[in-house]
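Asks: Residue numbers (this note's numbering): 49 to 687.
All C-beta atoms in this analysis are idealised placements derived from N, C-alpha and C, irrespective of residue type, glycine included.
It should be emphasised that the depicted structure is a prediction, and the values quoted were computed from it without experimental measurement.
1) What residues match up with residue 289 in a beta bridge as DSSP calls it?
2) Can you tell me the Cα-Cα spacing of residue 165 and residue 228, whole angstroms?
3) Under 8 Å Cβ to Cβ from residue 447, same chain only, skipping five residues before and after it: list those, please.
4) In terms of alpha-carbon separation, which member of 126, 125, 131 lies closest to residue 119?
5) If you reduce the DSSP assignment to three classes, tell me which class residue 162 lands in.
6) Taking residue 214 as the reference, which of 247, 531, 356, 231 has the closest Cα?
7) Looking at the structure shown, is residue 184 part of a helix, part of a strand, or coil, going by DSSP?
8) Quick check: residue 417 and residue 384, are their CB atoms within less than 8 Å of each other?
9) Note the first and the last residue of the continuous alpha helix (DSSP H) segment covering residue 625.
10) Measure the C-alpha to C-alpha separation of residue 591 and residue 455 and round it to an integer number of angstroms.
11) If we count the other Cβ atoms within 10 Å of its Cβ and call it buried at 16 or more, is residue 567 buried or exposed?
12) Could you check the C-alpha separation between residue 524 and residue 328 for me, to the nearest Å?
13) Buried or exposed: where does residue 541 fall if 16 or more other Cβ atoms within 10 Å of its Cβ makes it buried?
14) Counting C-beta neighbours from all protein chains within 10 Å, is the total for residue 171 16 or more, i.e. buried, or is it exposed?
15) Start and end of the alpha helix (DSSP H) containing residue 319?
16) Would DSSP call residue 499 helix, strand or coil?
17) Output the distance between the C-alpha atoms of residue 41 and residue 96, rounded to the nearest integer angstrom.
18) Give the straight-line distance between the Cα atoms of residue 303 and residue 108, rounded to the nearest whole angstrom.
19) So, for residue 529: in the same chain, excluding its five sequence neighbours on each side, which residues have a beta-carbon less than 8 Å away from its beta-carbon?
20) Keeping to the same chain, check which residues put their C-beta closer than 6 Å to that of residue 322; ignore five residues upstream and five downstream.
21) Straight-line CA distance for residue 308 to residue 237?
22) Do residue 569 and residue 639 count as a contact pair if the criterion is CB distance below 8 Å?
23) Give me the Cβ distance between residue 535 and residue 611, rounded to the nearest whole Å; I'm assuming they're in contact under 8 Å.
24) Helix, strand or coil, according to DSSP, for residue 122 in the structure here?
25) Please list, in chain order, all residues of the same chain as residue 367 whose beta carbon is under 7 Å from its beta carbon, the five residues on each side excluded.
26) Please classify residue 484: is it buried, with 16 or more other beta-carbons within 10 angstroms of its beta-carbon, or exposed?
27) Write down the C-beta distance between residue 493 and residue 462 rounded to the nearest angstrom, noting that I regard them as a contact closer than 8 Å.
28) Taking buried to mean at least 16 other C-beta atoms within 10 Å of its own C-beta, is residue 404 buried or exposed?
29) Who are the Cβ neighbours of residue 471 in its own chain at under 6 Å, not counting the five residues just before and after it?
30) Pick helix, strand or coil for residue 197, following the three-state DSSP scheme.
31) My guess is that residue 354 and residue 331 are in contact by the Cβ rule of under 8 Å, so how many angstroms apart are they, rounded?
32) Using a 10 Å radius around the Cβ and a threshold of 16 neighbouring Cβ atoms, would you call residue 175 buried or exposed?
33) Using 10 angstroms around the beta-carbon of residue 249, count the other beta-carbons present and answer buried if the total reaches 16, otherwise exposed.
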């Protein structure tokens with residue numbers, strides 16, 4: 049940046065002169081060059097006069113001359129001048145005739161002749177008329193505005209020059225969002241405007257706006273190749289920064305812009321190793337996205353990028369490509385940097401671990417076929433001793449089961465908890481894929497480990513063998529089957545021998561239940577039927593799952609739920625049946641007492657089932673009972 053680009057002090061002649069201009073015009077010329085703040089202009093509640101607005105919109109120069117002495121003071125509620133209004137209108141309109149274009153540029157020139165102050169006067173958003181012209185791509189108007197700045201006829205005795213007006217207060221001027229006119233031209237892909245602005249001020253280093261975007265970054269992110277080339281070729285220095293530490297090369301790599309990537313690397317090679325806020329380089333992004341040509345360009349520029357890990361997880365481009373399944377990228381990486389595959393991420397995970405986590409069996413096949421990679425990765429352990437085979441055992445489903453038949457894979461590898469792959473699979477054999485994996489490992493020579501498994505503190509605990517697990521699971525299934533069958537039997541018998549008996553007298557009602565028209569009896573029939581159906585369903589589901597070969601713990605969840613519901617319905621049937629029999633006037637009190645006592649079952653059941661504090665409450669009650677007994681001086685025995 050030139051010395052003229054540096055900030056001016058408030059006591060400089062330029063600032064003093066500009067303060068006079070601002071005070072006279074009540075405009076706001078406040079920017080990063082320490083221009084003094086103007087006296088705030090009170091926002092107009094009535095807005096611009098309708099007639100003047102129409103004249104400004106149409107560019108009626110003759111009509112506007114009537115207001116030339118105070119033209120800069122005629123504002124909209126958002127402080128737009130008549131020149132703002134005119135450029136916004138002609139910029140939005142699609143002018144195709146050369147005569148119309150010349151007419152609009154001439155109108156701008158005439159307005160500036162009437163009132164020079166319109167050139168630098170911003171609106172409420174900080175936009176000058178140059179911002180608007182650049183935003184709408186009006187290169188002809190941009191040229192007129194820059195020429196007007198060069199022809200500035202201010203008081204040169206106070207130290208301000210036309211060059212400073214053109215550069216500091218126009219081309220480099222920022223709005224409230226810190227956007228310059230070049231930002232606006234790039235945003236809307238106006239190449240002609242970009243050529244004019246960069247050509248007029250090629251030595252200026254455009255910094256980022258409030259969104260963290262520089263012009264080069266914006267052009268690269270949007271894929272505006274010609275704009276990127278123009279800025280890089282014209283400007284002597286460029287900033288490539290974007291938000292969150294990203295650079296123009298990051299976004300070019302993410303979107304696969306080959307030509308933009310090539311030009312950026314030619315202009316600034318250090319971009320290859322530039323990391324964002326999380327430590328990811330452009331090579332990380334290209335490897336994750338699978339853009340082979342860009343990966344090649346970056347590696348040819350600087351191979352060291354293949355060894356850079358991110359800040360948190362220490363992920364390298366190799367890990368990213370393996371997880372995403374981009375074999376072509378891995379081929380490039382092994383060609384340029386074969387030893388980069390030795391690097392591990394957090395917890396000691398290597399590229400093959402990540403491929404299995406991402407279910408990328410093609411990457412696993414690529415690793416097994418390559419002699420270098422297979423020797424480095426096949427049996428490599430992470431920080432807790434898990435090999436890629438352990439990783440497969442913990443997966444829900446992995447398509448590359450050829451891995452387990454490879455003779456180079458250690459099927460009996462143990463981790464730091466003394467668990468091998470079969471030990472891990474035994475914990476959850478509830479899917480067909482797990483059973484197939486278990487059988488495949490057994491055929492390949494794997495066996496259940498007989499070591500004592502280690503806890504987190506380094507201690508040991510007895511290893512639970514497959515037979516013990518199956519025996520425990522079998523006991524649960526048998527107990528559940530007995531309960532379900534018992535409920536079905538009892539409710540079936542209760543449905544046949546109904547409370548109150550049957551009508552024995554001859555007549556149309558002979559054989560019917562005596563209490564069939566009584567409300568509580570009807571409730572008994574319904575709840576008893578529900579209990580029988582639910583318990584029968586539990587037995588039927590168990591039988592069906594056994595036929596299909598589902599024997600895991602999860603296969604009991606639905607039958608147990610049915611049995612649990614059947615138990616509730618059976619208790620309800622008992623209470624309604626008792627009330628139906630004893631509900632007469634002579635025994636009403638007894639019926640109510642029985643129902644109240646029986647109903648205690650439901651809140652107790654709910655409390656035990658859903659209250660997380662039940663165990664704590666039980667322990668508290670136990671200790672409280674001991675204290676009461678001790679206080680009474682009694683002896684107590686607990687079995």
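Replies: The answer reads as follows:
1) Mapped onto the chain shown, residue 289 falls at position 241. In the DSSP assignment, residue 289 is bridged to 295.
2) The residue labelled residue 165 in the question sits at position 117 within the chain shown. The residue labelled residue 228 in the question sits at position 180 within the chain shown. The alpha-carbon atoms of residue 165 and residue 228 are separated by roughly 19 Å.
3) The residue given as residue 447 occupies position 399 in the chain shown. Within the same chain, residue 447 has close Cβ partners 407, 409.
4) Residue 119 sits at position 71 when you count from the first residue of the chain shown. The shortest Cα separation from residue 119 among 126, 125, 131 belongs to 131.
5) Residue numbering aside, residue 162 sits at position 114 when the chain shown is read from its first letter. Correct three-state label for residue 162: helix.
6) Numbered from its first residue, the chain shown carries residue 214 at position 166. Nearest option by C-alpha distance: 247.
7) Taking the chain shown and counting its residues from 1, one reaches residue 184 at position 136. Residue state, collapsed to three classes: coil.
8) Indexing the chain shown from 1 puts residue 417 at position 369. Indexing the chain shown from 1 puts residue 384 at position 336. Contact: no.
9) Indexing the chain shown from 1 puts residue 625 at position 577. That run of the alpha helix (DSSP H) goes 605 to 630.
10) Residue 591 sits at position 543 when you count from the first residue of the chain shown. Residue 455 sits at position 407 when you count from the first residue of the chain shown. Taking the straight line from one Cα to the other gives about 40 Å.
11) Taking the chain shown and counting its residues from 1, the one referred to as residue 567 is at position 519. Residue 567 sits exposed, since fewer than 16 C-beta atoms from the chains shown fall within 10 Å of its C-beta.
12) For the purposes of this step, residue 524 is identified with residue 476 of the chain shown, where counting begins at 1. For the purposes of this step, residue 328 is identified with residue 280 of the chain shown, where counting begins at 1. Taking the straight line from one Cα to the other gives about 52 Å.
13) In the chain shown, counting from the first residue as 1, residue 541 sits at position 493. Burial call: exposed.
14) Translated into the one-based positions of the chain shown, residue 171 becomes position 123. By the 16-neighbour rule on beta-carbons within 10 angstroms, residue 171 is buried.
15) The sequence position of residue 319 within the chain shown is 271, counting from 1. It is not in any alpha helix (DSSP H) - residue 319 carries neither H nor E in the DSSP assignment.
16) By one-based count along the chain shown, residue 499 stands at place 451. In the structure shown, residue 499 sits in coil (DSSP, three-state: anything other than H, G, I, E or B).
17) The question about residue 41 has no answer, for the chain in this structure spans 49 to 687.
18) Along the chain shown, read from residue 1 onward, the residue named residue 303 stands at position 255. Along the chain shown, read from residue 1 onward, the residue named residue 108 stands at position 60. Roughly 47 Å separates the two Cα atoms.
19) Start at 1 with the first residue of the chain shown, and residue 529 comes out as number 481. The answer, listed in chain order, is 587, 590.
20) Translated into the one-based positions of the chain shown, residue 322 becomes position 274. Around residue 322: 295.
21) In the chain shown, the residue the question calls residue 308 occupies position 260. In the chain shown, the residue the question calls residue 237 occupies position 189. Roughly 15 Å separates the two Cα atoms.
22) Reading the chain shown from its first residue, position 591 is the one you call residue 639. Reading the chain shown from its first residue, position 521 is the one you call residue 569. A distance of 8 Å or more separates the beta carbons of residue 639 and residue 569.
23) As a working mapping, residue 535 is identified with position 487 in the chain shown. As a working mapping, residue 611 is identified with position 563 in the chain shown. Contact holds; Cβ gap of about 7 Å.
24) Along the chain shown, read from residue 1 onward, the residue named residue 122 stands at position 74. The three-state reading of DSSP puts residue 122 in coil, since its state is none of H, G, I, E or B.
25) Start at 1 with the first residue of the chain shown, and residue 367 comes out as number 319. Correct list, in chain order: 393, 399, 402.
26) As a position in the chain shown, residue 484 is number 436, starting the count at 1. By the 10 Å Cβ count, residue 484 comes out exposed.
27) Within the chain shown, numbered from 1, the residue matching residue 493 stands at position 445. Within the chain shown, numbered from 1, the residue matching residue 462 stands at position 414. Contact doesn't hold; Cβ gap of about 15 Å is too wide.
28) Residue mapping note: residue 404 aligns to position 356 of the chain shown, counting from 1. Note on residue 404: 16 or more other CB atoms within 10 angstroms of its CB, so buried under the neighbour-count rule.
29) Working through the chain shown from its first residue, we reach residue 471 at position 423. Cβ within range, chain order: 497.
30) Within the chain shown, numbered from 1, the residue matching residue 197 stands at position 149. Three-state result, residue 197: helix.
31) Against the chain shown, residue 354 aligns to sequence position 306. Against the chain shown, residue 331 aligns to sequence position 283. In this structure residue 354 is in contact with residue 331, their Cβ atoms being roughly 7 Å apart against a cut-off of 8 Å.
32) For the purposes of this step, residue 175 is taken as residue 127 along the chain shown, with counting starting at 1. The residue is buried, with at least 16 neighbouring Cβ atoms inside 10 Å.
33) Here residue 249 refers to the residue found at position 201 of the chain shown. The residue is buried, with at least 16 neighbouring Cβ atoms inside 10 Å.
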